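Some notes on the structure that comes next.
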Amino acid sequence: MSSPSLQHWRELAGIDVHVHVHRSVEDDAGPVASGDQMGEYFGIGTMHGYTVPELAVHYRERNMAAVVFTVDSVSATGEEPVPSNREVAEQAAEHQDVLVPFASIDPARGAAGVREARILARDYGVRGFKFHPGVQGFFPDDRRAYPLYEVIQEFGLIALFHTGQTGVGAGSRGGGGIRLKYSSPLPIDDVAADFPDLDIIMAHPSFPWQDEALSIALHKPRVYIDLSGWSPKYFPAQLVQYADTLLKHKMLFGSDFPVISPEKWMEEFAKLPIRDSVRPLILRENAARLLGLPTDSDADIDTDTEGNRP
-7 MSSPSLQHWR ELAGIDVHVH VHRSVEDDAG PVASGDQMGE YFGIGTMHGY TVPELAVHYR
53 ERNMAAVVFT VDSVSATGEE PVPSNREVAE QAAEHQDVLV PFASIDPARG AAGVREARIL
113 ARDYGVRGFK FHPGVQGFFP DDRRAYPLYE VIQEFGLIAL FHTGQTGVGA GSRGGGGIRL
173 KYSSPLPIDD VAADFPDLDI IMAHPSFPWQ DEALSIALHK PRVYIDLSGW SPKYFPAQLV
233 QYADTLLKHK MLFGSDFPVI SPEKWMEEFA KLPIRDSVRP LILRENAARL LGLPTDSDAD
293 IDTDTEGNRP
């Protein structure tokens, strides 16, 4: 498939930077593992998984693009991720008009994981790597993860970190054994300082550490925030205020689909007190620039300074 044109990316309603692939093309349709628990937490019933081609259809029908990835949690489960990183990348390449592949490597894999990250970056066209510190059981500033960050920075890719409370394990016995301390955004500040040329996305409103996340994004020029995993109607006031002002170029649309549908997220986002000049930045332009997609050179259309103080 030929690369989509600038006009194609201009006409998208949004670029969703946080979408999970829960099912391999070789698996039968049905609920994913923990689908009942996650579905109950998010109030959507049993959560079913999507393959990469199914996600392509889903987002193409909505005139959106999506960043797609699996999550490698081998240190917690002892099992390989399904689908594999390579499947996600290979399948996404068939749908590059709407899908951008990320990979996921559990830092516990050590040198083997670093080798695989290099292969994925060099040969499979992934644009970033997803980390879930709570599920993978590590602090982002753990030096064991630094060789992975070195590869990601070397190839000019993106490190995406889950932050804040997670729906995984929520309400289950002992929270499924997941410790929320690993999801504090503050250790990401060390990563940003130690890897100054690494683009970082802090995923989700970082409850209960929202102010820490805003501070890091303000202080470190290559740290962004994606707004996935929460309905915008629950966004804290300070997050909305900074999204509309000082951090308008560093906020990214994300849904966390399939737990929240992109159309439901956008419906609630439309009700927030965000200026019309800022909305395209959050929904599409910021992500396009960060992902290296074609975009207008004058995409930063918002040149007024009204409200640009927290």
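So for the sequence shown, the working numbering puts the first residue at -7; every next one is plus one.
The C-beta atom is built at its ideal place from N, Cα and C for all residues, glycine as well.
Predicted model, so just to flag it, every value in this text is computed and none were measured.
Item                                                                                                                                                        : Value
Which whole-angstrom value is the C-beta distance of S220 and S247, which I expect to be below 8 Å?                                                         : 6 Å
Using a Cβ-Cβ cut-off of 7 Å (strictly less than) and excluding sequence neighbours within five positions of V106, which residues of its own chain qualify? : P139, L140 and V143
Comparing alpha-carbon positions, which option in R15, A209, D186 and V13 lies nearest A235?                                                                : A209
Could you check what DSSP says for P93 in three-state terms: helix, strand or coil?                                                                         : strand
Take the Cβ of Y226 as the centre, count every other Cβ of all protein chains shown within 10 Å, and call the residue buried at 16 or more, exposed below.  : exposed
Just reading off the beta strand (DSSP E) that I252 is part of, what are its end residues?                                                                  : Counting along the chain, I252 falls outside any beta strand (DSSP E), and DSSP gives it neither H nor E.
First and last residue of the beta strand (DSSP E) that includes G166?                                                                                      : Note, G166: premise wrong, no beta strand (DSSP E); not H, not E.
Once DSSP output is grouped into helix, strand and coil, what is the label at K122?                                                                         : strand
Could you check what DSSP says for I266 in three-state terms: helix, strand or coil?                                                                        : coil
With 16 as the cutoff for other CB atoms within 10 Å, does S198 come out buried or exposed?                                                                 : buried
Where do the N-terminal and C-terminal ends of the alpha helix (DSSP H) with V318 fall, by residue?                                                         : Residue 318 is absent from the structure shown; the chain starts at -7 and stops at 302.
Should G169 go down as buried or exposed, given a rule of 16 or more other Cβ atoms within 10 Å for buried?                                                 : exposed
Among H241, K256, Q202 and K242, which residue has its Cα nearest to the Cα of M230?                                                                        : For the record, residue 230 in the displayed sequence is Gln; it is not Met. Q230 has its Cα closest to that of Q202, out of H241, K256, Q202 and K242.
Can you give me the start and stop residues for the beta strand (DSSP E) that L152 sits inside?                                                             : I150 to H154
Is the region 270 to 283 close to the region 239 to 256, with three or more CB pairs under 8 Å?                                                             : yes
Distance, Cα to Cα, G70 vs V17?                                                                                                                             : 22 Å
So, are the CB atoms of F249 and V11 less than 8 Å apart?                                                                                                   : yes
Report, in whole angstroms, the separation of the C-beta atoms of V80 and V44, which I expect to be a contact under 8 Å.                                    : 6 Å
Quick one: what does DSSP say I217 is sitting in, helix, strand or coil?                                                                                    : strand
Could you say which of T62, A195 and G126 lies nearest to I217 if we only look at CA atoms?                                                                 : A195
Quick one: grab the DSSP three-state call for F307.                                                                                                         : Outside the displayed span of the chain (-7 to 302) sits residue 307, for which this structure offers no information.
Which value, in whole angstroms, describes the spacing of the CA atoms of E108 and P73?                                                                     : 14 Å
If contacts are defined as beta-carbon pairs under 8 Å, then F147 and A113 qualify, I think. What distance do you get, rounded to the angstrom?             : 4 Å
Report yes if the CB atom of A95 is closer than 8 Å to the CB atom of V118, and no otherwise.                                                               : yes
Is it buried or exposed for S(-5), if we count other Cβ within 10 angstroms and need 16 for buried?                                                         : exposed
Since I believe E255 is in contact with R52 (beta carbons under 8 Å), could you give me their beta-carbon distance rounded to a whole number of angstroms?  : Rounded, the Cβ-Cβ distance is 14 Å, inconsistent with contact.
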